[in-house]
Amino acid sequence: AMLTLTYYGAEKVMPHYNVMGVAKAALEASVRYLASDLGEKGIRVNAVSAGPIRTLAASGIGDFRYIMKWNELNAPLRRNVTQEEVGNAALYLLSGLGSGVTGEVHHVDAGYHLVGMKRIDAPDIDLATGRSARGEPE
């Protein structure tokens with residue numbers, strides 16, 4: 416089995432993601448084509464689309480604190496995901512448990528990809544501090 420990591424910015428426009436979104440969209444298309452081409456050899460190809468996770472690499476993304484807070488306040492599970500959760504999904508897709516899965520982009524993002532706009536009851540977020548209007552820290 417083969418697995419790659421992608422991000423929701425491949426599907427929808429995300430601020431500051433720009434050309435990386437185009438690259439991830441091409442990567443996701445490659446997953447589908449490779450799954451089709453390699454399936455007859457028993458090789459499965461999938462992707463994990465992780466929600467925002469606090470990592471060293473993520474610290475270089477503009478407005479990342481805002482993205483994390485927005486996800487926490489608006490994702491259906493009302494939280495961010497962990498590296499462990501993303502790793503568990505990868506383990507599933509690479510193991511025999513995922514033997515019938517190929518050509519998929521599996522979202523591990525607390526439902527982040529389902530939400531089109533801010534929840535009505537979600538507070539506004541101060542971009543400068545990353546705090547909600549209610550004063551909740553990030």
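Residues 416 to 553 in the numbering used here are what the sequence shown spells out, letter by letter. Where a beta carbon is used, it is the ideal one built from N, C-alpha and C, also for glycine. Since this is a predicted model, take the numbers as computed values, not measurements.
Could you check which residue in the options has the C-alpha nearest to that of residue i?
{"i": "A444", "options": "V460, H431, Y432, R469", "result": "V460"}
{"i": "V446", "options": "M532, M483, V516, G466", "result": "V516"}
{"i": "T419", "options": "G477, R493, L449", "result": "L449"}
{"i": "I468", "options": "D539, L508, V501", "result": "V501"}
{"i": "T421", "options": "E519, K533, G531, V530", "result": "E519"}
{"i": "Q498", "options": "G511, I458, A473", "result": "A473"}
Which residue comes first and which comes last in the alpha helix (DSSP H) that contains residue i?
{"i": "A591", "result": "This structure leaves residue 591 out entirely; the chain is present only between 416 and 553."}
{"i": "S505", "result": "Here the sequence assigns Ala to residue 505, which means Ser is not the residue at that position. A505 -> alpha helix (DSSP H) spans 498 to 509."}
{"i": "E554", "result": "There is simply no residue 554 to check, as the chain begins at 416 and stops at 553 in what is shown."}
Buried or exposed for residue i, going by 16 or more other Cβ atoms inside 10 Å?
{"i": "G475", "result": "exposed"}
{"i": "D452", "result": "exposed"}
{"i": "V463", "result": "buried"}
{"i": "E553", "result": "Note that E553 scores a pLDDT of 49, beneath 50, so its modelled location is shaky and nothing firm can be said."}
{"i": "V496", "result": "buried"}
{"i": "I535", "result": "exposed"}
{"i": "R480", "result": "buried"}
{"i": "P491", "result": "exposed"}
{"i": "M483", "result": "buried"}
{"i": "A425", "result": "buried"}
{"i": "G533", "result": "Sequence inspection shows Lys at residue 533; the Gly mentioned does not correspond to that position. Exposed, since its Cβ has fewer than 16 Cβ neighbours within 10 Å."}
{"i": "R494", "result": "exposed"}
{"i": "N503", "result": "exposed"}
{"i": "L512", "result": "exposed"}
Write down the C-beta distance between residue i and residue j rounded to the nearest angstrom, noting that I regard them as a contact closer than 8 Å.
{"i": "H521", "j": "H528", "result": "Actually they do not touch by this definition, with Cβ atoms about 11 Å apart."}
{"i": "Y423", "j": "M417", "result": "That pair is no contact at about 21 Å."}
{"i": "A465", "j": "D524", "result": "6 Å"}
{"i": "L488", "j": "A537", "result": "4 Å"}
What residues match up with residue i in a beta bridge as DSSP calls it?
{"i": "L420", "result": "V463"}
{"i": "V523", "result": "A465"}
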